[in-house]
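Trainee: Before we start, here is the structure in question, set down as structure tokens.
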Ligand SMILES: [Zn+2]
């Protein structure tokens, strides 16, 4: 398995710290609003990665935090006239509602900042003791100049960063690049007790403290969106290495942005769609398939048109899988006692693994799946002459299901259920229209009754009047 490691700027062979085990940390959302589609991308990308490790029989330890204390949360609480606890509870509940629809793995540890203040303070204390941080008037800062490798992840030199940094008017910091680890309390803000007085943690320190608590001084993979590389991840590295002296994360994986018309989707610019708005129109499966259709490091251009196309593609997958399954169900069960070798299907599995092993190339993995569906469809046409081919169909169906459901996380069962529900709803709506039409005819409002008949016909639904005054309908191709 190979990953593109942001730290080394190249593809690297993946060697886990422990055999068949992977420890991953991914930065989670700041819970001051419902998540938008841009936030959903790392959630899906790293869910697919965790699922793929499981597919390869790895044990996965996956931690993703909630930032539940932050300026934006405090502002939002004031806006909505709620407490910070009420705000974060509201949006954490919302988060779980949303990701459930995306079929995200449930065995992810999701620690909150406010529940890890002790660990955060301990980490800051270590940084002060080790000579990398200083306290000034109740604030604590990380002293960037003391850490010689600062800038390595984002490929920047401290001197250049310094030249670009704004002059700090407050003059509290020794250097404008120094970043805050602990902020002293301001009026009307929530606070925690600390050795430096009342206050709250800066943003970056939480990930260093929580990843160390749950995964140790060194773990395998750290992930997040590309926008977090600088300063957030750069600062995490500085904090973790200087406090704990481990290697922190061995592999740094960053996903590309979701764009609308070429611009990054972002809450701060107002250029975004909430995930739940999109989930009203499209299933979580469509959104997942849309996301994995592009390589995780590349930008994705979002549009409703693109989602409509993805929906069609998903429907083709579901239809094919339904057909394979009904063929298997109808087959002579005695045949299944036979043992055959299925070289072709194994080849498809290998192709899928090869694509996924190469820096999680999901579009190529999908191409292998489509090729396999095509091949399996061809098998169906040979069934009449050779009944035993159903064994290969069965094997292929199992292999496809494993990859589509367990790795890509597309819930085929749920998709079928949705389709069934939609079909039932369509039937009920047509029947309702037929009733309206019937009463129009009774009132001799033929203009309305003809309009209903003609408009339904335009939609491909043909009405036939029966002698008893009722009507039946059928779908035309
Ligand atoms: Zn983080």
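Numbering (our numbering), first residue to last: 722 to 1198.
Cβ coordinates follow ideal geometry from the N, Cα and C atoms, glycine included.
Please determine whether the Cβ atom of residue 975 lies at a distance below 7 Å from any heavy atom of ligand 1.
Mentor: no
Trainee: Around ligand 1, what residues have a beta-carbon under 5 Å from a heavy atom of it, in chain order?
Mentor: Output, sorted by chain position: 748, 928.
Trainee: DSSP three-state call for residue 1248: helix, strand or coil?
Mentor: There is no way to answer for residue 1248, as the model of the chain reaches only from 722 to 1198.
Trainee: Just how far apart, CA to CA, sit residue 942 and residue 728?
Mentor: 11 Å
Trainee: Can you name the start and end residues of the beta strand (DSSP E) that residue 921 belongs to?
Mentor: 920-922
Trainee: Decide if residue 772 is buried, meaning its Cβ has at least 16 other Cβ atoms within 10 Å, or exposed.
Mentor: Residue 772 comes out buried.
Trainee: With a 10 Å radius around its C-beta and 16 neighbouring C-beta atoms as the bar for buried, classify residue 1023 as buried or exposed.
Mentor: The residue is buried, with at least 16 neighbouring Cβ atoms inside 10 Å.
Trainee: According to DSSP, residue 987 sits in a beta bridge with which residue or residues?
Mentor: 992
Trainee: Cα-Cα, which of 851, 939, 1048, 1127 is closest to residue 1097?
Mentor: Nearest option by C-alpha distance: 1048.
Trainee: Report the rounded CA-to-CA distance for residue 1193 versus residue 1180, giving the unit in angstroms.
Mentor: 15 Å
Trainee: Quick one: give me the first and last residue of the alpha helix (DSSP H) that residue 1054 is part of.
Mentor: Here residue 1054 belongs to no alpha helix (DSSP H), and DSSP marks it neither H nor E.
Trainee: Please go through the segment 909-952 and give each complete alpha helix (DSSP H) segment of 4 or more residues, from N-terminal end onward.
Mentor: 926-936
Trainee: Does the structure place the segment 785-795 close enough to the segment 744-764 that three or more beta carbon pairs sit under 8 Å?
Mentor: yes
Trainee: Grab me the residues of residue 894's own chain with a C-beta within less than 6 Å of its C-beta, minus the 5 sequence neighbours each way, in chain order.
Mentor: The beta carbon of residue 894 sits closer than 6 Å to those of 862, all from its chain and outside the five residues before and after it, given in chain order.
Trainee: Suppose only complete runs of 3+ residues qualify. What are the beta strand (DSSP E) ranges in the segment 824-864, listed by chain order?
Mentor: 854-857, 860-863
Trainee: Since residue 671 and residue 967 should fall inside the 8 Å C-beta cutoff, what is the C-beta to C-beta distance between them, to a whole number of angstroms?
Mentor: As shown, the chain starts at 722 and ends at 1198. That puts residue 671 outside it, with no answer to give.
Trainee: Specify whether the segment 987-1007 and the segment 815-824 touch according to this definition: at least 3 beta carbon pairs, one from each stretch, less than 8 Å apart.
Mentor: yes
Trainee: Please give the ranges of any beta strand (DSSP E) in the segment 865-904, keeping only runs that are unbroken, at least 3 residues long and fully inside the region.
Mentor: none
Trainee: Go ahead and pull the three-state DSSP assignment for residue 728.
Mentor: coil
Trainee: Between which residues of its own chain and residue 768 is the CB-CB distance below 7 Å, once the five residues before and five after are set aside?
Mentor: Scanning its chain for C-beta atoms nearer than 7 Å, with the 5 sequence neighbours on each side dropped, one finds around residue 768 the residues 825, 826, 1130, in chain order.
Trainee: Among 778, 850, 830, which one has its Cα closest to the Cα of residue 964?
Mentor: 850
Trainee: Which residue marks the beginning of the beta strand (DSSP E) containing residue 1194, and which one marks its end?
Mentor: From DSSP, the beta strand (DSSP E) with residue 1194 extends over 1192-1196.
Trainee: For residue 1091 and residue 975, I'd like the C-alpha separation in whole angstroms.
Mentor: 27 Å
Trainee: In chain order, what residues of the same chain have a beta carbon less than 6 Å from the beta carbon of residue 956, not counting five sequence neighbours either side?
Mentor: 900, 925
Trainee: Just to confirm before moving on: does the CB-CB distance between residue 1045 and residue 1114 stay below 8 Å?
Mentor: yes
Trainee: Kindly confirm or deny that the segment 1012-1023 and the segment 1070-1083 touch, where touching means at least three C-beta pairs closer than 8 Å.
Mentor: yes
Trainee: Should residue 1051 go down as buried or exposed, given a rule of 16 or more other Cβ atoms within 10 Å for buried?
Mentor: Exposed, since its Cβ has fewer than 16 Cβ neighbours within 10 Å.
Trainee: Rounded to whole angstroms, what is the Cα-Cα separation between residue 778 and residue 724?
Mentor: 18 Å
Trainee: According to DSSP, what are the bridge partners of residue 970?
Mentor: Residue 970 pairs with 940.
Trainee: Do you know how far the Cα of residue 1043 is from the Cα of residue 1037?
Mentor: 10 Å
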